[in-house]
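Taken in order, the sequence shown gives residues 1 to 544; the numbers are from the UniProt record's numbering. No residue lacks a Cβ here, since even glycine has one placed at the ideal position from N, Cα and C. These numbers were taken from a predicted model, which means no experiment stands behind them. I have placed the structure first, in the form of structure tokens, so that the comments after it can refer back to it.
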Amino acid sequence: MCLTVLSVTGALTGGVVWAADDAAGAAPSEPSIENAQKQCACDSGAARLAGAGEAKALEPGSNAARVAFGTAQTADFGRIAVGSNATREVPILNIGPDPVSVTDATIEGDDAGAFTVTDDSVSPIEPGETEHVTVVFSPDRDGTHRATLRLEQATGPLATADLIGTGVTPDIEVDREQLRFANVTDQTVAETFTLTNDGTTPLTVDALRIVGPDRAAFEPAASSPFTIEPGQSREVPVRFTQSEPAARFATMHILSDDPEQPQRNLWLTNTPTVARVSPSHIKTDRTHVNASVVDAAPNTTQSLNISWPATRDDTVAIDALSYTPERGGEFSINVTKRDAQFEGAPAFEPADGTEEVAFVSMDSTIANEDLQDVTVTFRVRQDQLAGDEAPDDVALYTHRNGQWVELPTTLVDESRTHYFFETESPGLLDFATGIKQANFRIDDAAVSVTEISAGESVDVVVRVTNVGGADGTYTVRLIRDDTVVDQRELSIAATGSRQTILTESFDNPGTYELYVNDHLVGTITVHGSADSLTDLAFTARSPA
Numbered sequence: 001m002c003l004t005v006l007s008v009t010g011a012l013t014g015g016v017v018w019a020a021d022d023a024a025g026a027a028p029s030e031p032s033i034e035n036a037q038k039q040c041a042c043d044s045g046a047a048r049l050a051g052a053g054e055a056k057a058l059e060p061g062s063n064a065a066r067v068a069f070g071t072a073q074t075a076d077f078g079r080i081a082v083g084s085n086a087t088r089e090v091p092i093l094n095i096g097p098d099p100v101s102v103t104d105a106t107i108e109g110d111d112a113g114a115f116t117v118t119d120d121s122v123s124p125i126e127p128g129e130t131e132h133v134t135v136v137f138s139p140d141r142d143g144t145h146r147a148t149l150r151l152e153q154a155t156g157p158l159a160t161a162d163l164i165g166t167g168v169t170p171d172i173e174v175d176r177e178q179l180r181f182a183n184v185t186d187q188t189v190a191e192t193f194t195l196t197n198d199g200t201t202p203l204t205v206d207a208l209r210i211v212g213p214d215r216a217a218f219e220p221a222a223s224s225p226f227t228i229e230p231g232q233s234r235e236v237p238v239r240f241t242q243s244e245p246a247a248r249f250a251t252m253h254i255l256s257d258d259p260e261q262p263q264r265n266l267w268l269t270n271t272p273t274v275a276r277v278s279p280s281h282i283k284t285d286r287t288h289v290n291a292s293v294v295d296a297a298p299n300t301t302q303s304l305n306i307s308w309p310a311t312r313d314d315t316v317a318i319d320a321l322s323y324t325p326e327r328g329g330e331f332s333i334n335v336t337k338r339d340a341q342f343e344g345a346p347a348f349e350p351a352d353g354t355e356e357v358a359f360v361s362m363d364s365t366i367a368n369e370d371l372q373d374v375t376v377t378f379r380v381r382q383d384q385l386a387g388d389e390a391p392d393d394v395a396l397y398t399h400r401n402g403q404w405v406e407l408p409t410t411l412v413d414e415s416r417t418h419y420f421f422e423t424e425s426p427g428l429l430d431f432a433t434g435i436k437q438a439n440f441r442i443d444d445a446a447v448s449v450t451e452i453s454a455g456e457s458v459d460v461v462v463r464v465t466n467v468g469g470a471d472g473t474y475t476v477r478l479i480r481d482d483t484v485v486d487q488r489e490l491s492i493a494a495t496g497s498r499q500t501i502l503t504e505s506f507d508n509p510g511t512y513e514l515y516v517n518d519h520l521v522g523t524i525t526v527h528g529s530a531d532s533l534t535d536l537a538f539t540a541r542s543p544a
């Protein structure tokens, strides 16, 4: 039996990978399928192909395969952008007289994780027929990746092939961290920064987005998206205009397809103040964002945008801060988001049943006593709200004197994935974000009478209070013998109450228990006729 593994399409050009059980004799003079077929008839020595160097022999054994490569000994996937992938099929041709099966195909080597075999078992290959093993190259870093594809048959090793691919990426560089503009009025001035692509593939700048309360004063003089070729640069002017003198602060988000730095920030101002925000540090249970402010002007309101791509999928994230320092100089802020509560904070157990979503802690080198007019803009992912919950049910809390106190919030924006809220805060504090819940309580449920005649009915008066923090809908059910016989759906505002009447009629004598939801409200005795109730008077009421 003889097996030839052909090259990866478009990669092993000019070469043949082949294997034969107990192959022997001199190697064919040309690395061709025809000569490989002739070689299968030989019975002595290790197989060799012209120009291949030493044959790649697997471990010896009664069924060991001896393999040789042609002039191209490596399956080259070429240059593939990091984060994407390329697929190649290895065709396996059986040129021997007997059926052959590849029972296993595995990847070995230091970079084995960059290559994946998507079908590690090949159906039996009849003589003269071809099957394929599919290999996917998915580079996770810049540079060359090498590994080995190893094929096995039921009797042992069959053949190996070298795999190689190059991961390439764009690499954005920004020549400065801030643009400082002249503090002029009623005229437009411009400053310029330079973007350079130090990577190995074209860089696409998707957007130049200016954020912050003063964003209207700044405008990039370049439309996006645009592309920068490897090794090339592009200058981008930014215009500044204001109608009256004031301290202006904004941040430009430079968004690109650089996989390592998809967002770069550029600080824009007409003051000496400079702010730097570091990329987020993602850990298993938390997300960190660090910011430093240099030459802060005292008694001047400043805004600081701290959003990053790494935080966009977080359930909760702080987007921006606005504050007025009473003293100038330098200070830093660390913002940490956690799903679990911070150590040392009081238990989050609001009386209205609000459910926690996430916790945010702020540590700063400037005391809260030295800050005024602190405004926090935060976002909550929309999928954190159930179908009957609304943005108004999102609440922000901070803890004081051992308990969590709710801060007033305002919905200021909405995107495809998030709601954005703003709140005024006593300082840079620890926060808890929660979703208010409707929480219903049956305050009263009573039957109108307990003895009736067959064919008559009773009323049950029910009063329900929503003790939760969100509006909601509650269904009141009257149940007899495990069967719902009447029901009402009540829409009740937070802290509000509503009353309703449920009715049930009885046709047969007997004793019956009536429940409202899971509350027993009375036992009803039904007599055979009205004559037995001569001493009982009542008036049946219809549902409200």
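So is HIS281 buried or exposed if we call it buried at 16+ other beta carbons inside 10 Å? exposed
Once DSSP output is grouped into helix, strand and coil, what is the label at ASN265? strand
With a CB to CB cut of under 6 angstroms and the five nearest residues on each side skipped, what residues in its chain are close to ASP388? none
Round the Cβ separation of PRO408 and ILE366 to the nearest angstrom and send it over; I've been treating them as touching at under 8 angstroms. In fact, because the Cβ distance is near 24 angstroms, the residues do not count as touching under 8 angstroms.
Spatial distance of ASN368 from ASN401 (CA atoms): 16 angstroms
Quick one: give me the first and last residue of the beta strand (DSSP E) that residue 545 is part of. Given a span of 1 to 544 for the chain in the structure shown, any question on residue 545 remains unanswerable.
Which residues in the same chain as VAL374 place their Cβ atom closer than 6 angstroms to its Cβ, once the five residues preceding and following it in sequence are excluded? TYR323, SER425, GLY427
Taking C-beta to C-beta, are THR251 and LEU266 nearer than 9 angstroms? yes
Taking GLN382 as part of the beta strand (DSSP E), name the residues at either end of that continuous run. Per DSSP, GLN382 belongs to no beta strand (DSSP E) and is neither H nor E.
Please confirm if the region 494-513 is in contact with the region 453-471, defined as three or more CB-CB distances below 8 angstroms between the two stretches. yes
Taking all protein chains shown into account, decide if GLN382 is buried (16 or more other Cβ within 10 angstroms of its Cβ) or exposed. exposed
Burial state of SER491 (16 or more Cβ within 10 Å): exposed
Find out if the Cβ-Cβ distance for the pair GLU414, SER457 is shorter than 9 angstroms. no
Leaving out five residues on either side along the sequence, give the residues of the same chain with a beta carbon under 6 angstroms from the beta carbon of THR525. GLU451, THR511
In this structure, how does DSSP classify residue 551 when only helix, strand and coil are distinguished? One cannot answer for residue 551 here, as it falls past the ends of the chain, which runs 1 to 544.
How about LEU255 and ALA207: are their beta carbons less than 9 angstroms apart? yes
Tell me the rounded alpha-carbon separation between LEU520 and PHE506. 18 angstroms
How should LEU411 be labelled, buried or exposed, when 16 other C-beta atoms within 10 angstroms of its C-beta is the threshold for buried? exposed
Beta-carbon contacts of LYS436 that lie in its chain and below 6 angstroms, excluding the five residues immediately before and after: THR354, ASP393, ALA395, GLY469, ALA470
Name, in chain order, the residues that DSSP records as bridge partners for SER497. THR465
Drop a sphere of 10 angstroms on the beta-carbon of ASP518, count the other beta-carbons inside from all chains shown, and report buried for 16 or more, exposed for fewer. exposed
Using DSSP with H/G/I as helix, E/B as strand and the rest coil, what is ALA222? coil
Helix, strand or coil: which one does DSSP assign to ASN439? coil
Enumerate in chain order the residues of its own chain whose CB-to-CB distance from THR186 is below 7 angstroms, with the five nearest sequence positions on each side excluded. According to the sequence displayed, residue 186 carries Asp and not Thr. So the list reads SER243, once near-sequence residues are dropped.
Candidates ILE306, GLN384, GLN341, of which the one nearest SER332 by Cα: ILE306
Closest to SER448 by CA distance: which of THR523, VAL476, VAL294, THR311 is it? THR523
Nearest-angstrom Cα distance between PHE181 and THR271? 8 angstroms
For the pair the region 230-238 and the region 196-212, tell me if three or more CB-CB distances fall below 8 angstroms. yes
Around the C-beta of PRO220, are 16 or more other C-beta atoms found within 10 angstroms, so that it is buried, or is it exposed? buried
Are there 16 or more other CB atoms within 10 angstroms of the CB of LYS197, so buried, or fewer, so exposed? Strictly speaking, residue 197 in this sequence is Asn, with Lys absent from that position. Buried, since its Cβ has 16 or more Cβ neighbours within 10 Å.
Looking only at C-alpha atoms, which of ASP111, TYR515, ILE125 sits nearest to VAL136? ASP111
For the beta strand (DSSP E) that contains GLN403, what are its first and last residues? 403-407
Do VAL360 and VAL380 have their beta-carbon atoms positioned less than 9 angstroms apart in this structure? no
Span separating the alpha-carbon of ILE318 from that of HIS132: 51 angstroms
Own chain residues within Cβ distance below 6 angstroms of THR169, not counting five before or after: VAL82, ASP142, GLY199, PRO259
Please name the residue in PRO157, ALA297, GLN263 whose C-alpha comes closest to that of ALA248. Per the sequence presented here, residue 248 reads as Arg, with Ala not at that position. With distances taken between Cα atoms, ARG248 lies closest to ALA297.
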